[in-house]
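Encoded as structure tokens, the structure appears first; notes follow it.
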Amino acid sequence: MWRLLAIVAAVFLIAGCQNKAIQDPYTLPKLQQVEPAEHQVIVRLLNDAMLGKEVYSLKDLVVDPESYKNGNIQRGDVVYFFYPAEVLSKYPEIELQQELRVVALSGETISMKWGQVFINGDKLDAFYGKDMNNDVKALKKKLKEPDLFDFEKENFNNLIRTVESENLEEQVVPEGMLFLLGDNRMRALDSYFFGPIAEENIIGKVIGYTK
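Residues -20 to -1, 1 to 191, numbered by mature numbering (1 follows the signal peptide of the UniProt record, and there is no 0), are exactly what the sequence shown covers, in order.
So this is what it looks like as structure tokens:
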């Protein structure tokens, strides 16, 4: 009897571990309209690596340079930062500053499978945990729709191949570094390409856009 109970308990324990996920109920997909304070900075970007549920480009974004005075950077924050010199030398056409989202913090292990982010082995179950515009299941479902033109089928197949190639082996984010990703991965030059970025490169937190 005790052996049977132990087996049942082990099964539930394994199932519980498999369903474990990191959630973020506090970060909102949409930017808020705010009245900027005197110490805050107004910026406008041409390229938008976050384009999806929100449009960050061609808006007067409000950046708070004092948000991280105490070092309280949170997962889900959208930060305004400047690219390191080595990234700028490799991609001279990009804007010097950009906005991206914090997905992994110092000391955490990050990996990616088909665009889905895992933190310390657990699924990041948040709207920014995977590419918001490229869900493999949804794309394959659309591919089965009747009356698709050949070029549409090719586009869907290309998207599926792109998403299925978005894989990242486990790596630890070094101390004093952050792993930043764009919500729209296909438009983003982010840590997937150049690795973690130093916290000292962060100019401030994007808190909204002007009214």
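For glycine and all other residues, C-beta sits at the position ideal for the given N, C-alpha and C.
Legend entry - Other residues of its chain near Tyr108: CB distance less than 6 Å, five sequence neighbours each side excluded: Arg81 and Asp163
Inset, instruction - Find the nearest neighbour of Ser171 within the set Ile183, Val97, Asn52 and Glu134, judged by alpha-carbon distance. - result: Val97
Legend entry - Contact set for Leu139: own chain, Cβ-Cβ below 8 Å, skip 5 residues either direction: Asn114 and Leu119
Legend entry - Residue range of the unbroken beta strand (DSSP E) whose run includes Lys93: Thr89 to Lys93
Inset, instruction - Closer than 7 Å by C-beta to Val116: which residues in its own chain qualify, once you throw out the five before and the five after it? Chain order, please. - result: Trp94, Ile140, Val143 and Glu144
Legend entry - DSSP bridge partner residues for Asn102 (one or two, in chain order): Asn is not the amino acid found at residue 102; the sequence shown has Asp there. For Asp102, which the question treats as bridged, DSSP gives the partners Ile99.
Legend entry - Contact the segment 167 to 187 vs the segment 65 to 79: 3+ CB pairs below 8 Å: yes
Legend entry - Thr190: first and last residue of the uninterrupted beta strand (DSSP E) it sits in: Ile182 to Thr190
Inset, instruction - Would you identify the three-state DSSP class for Ile177, choosing helix, strand or coil? - result: strand
Inset, instruction - Please look up how many angstroms separate the CB atoms of Arg55 and Asp111, rounded, as I've assumed it's under 8 Å. - result: Their Cβ separation, rounded to whole angstroms, is 17 Å, which puts Arg55 and Asp111 out of contact at 8 Å.
Inset, instruction - Give the C-beta separation of residue 193 and Ser86 to the nearest angstrom, bearing in mind that I take them to be a contact with Cβ-Cβ under 8 Å. - result: Examination of residue 193 is not possible in this model, given that the chain is present from -20 through 191 alone.
Inset, instruction - Kindly provide the ranges of any alpha helix (DSSP H) runs that are 4 or more residues long and lie completely inside the segment 38 to 82, ordered along the chain. - result: 65 to 70
Inset, instruction - Can you say whether Gln78 is buried or exposed, counting buried as having 16 or more other CB atoms within 10 angstroms of its CB? - result: buried
Legend entry - Expected contact under 8 Å - CB spacing of Gly184 and Pro45 to nearest Å: 4 Å
Legend entry - Contact check, Gly188 vs Val14, beta carbons under 8 Å: yes
Inset, instruction - Round the Cβ separation of Asp105 and Ile2 to the nearest angstrom and send it over; I've been treating them as touching at under 8 Å. - result: 6 Å
Legend entry - Same chain, Cβ closer than 8 Å to Phe131, neighbours up to 5 away in sequence not counted: none
Inset, instruction - May I ask which residues mark the beginning and end of the alpha helix (DSSP H) holding Ala118? - result: Val116 to Leu123
Legend entry - Nearest neighbour of Asp28, chosen from Thr7, Glu179, Glu134 and Leu169 [CA to CA]: Leu169
Inset, instruction - Could you tell me the boundaries of the beta strand (DSSP E) in which Glu132 lies? - result: No beta strand (DSSP E) contains Glu132, which is instead part of the alpha helix (DSSP H) from Asp130 to Glu144.
Inset, instruction - Note down the Cα distance separating Tyr6 from Met166, rounded to an integer number of angstroms. - result: 25 Å
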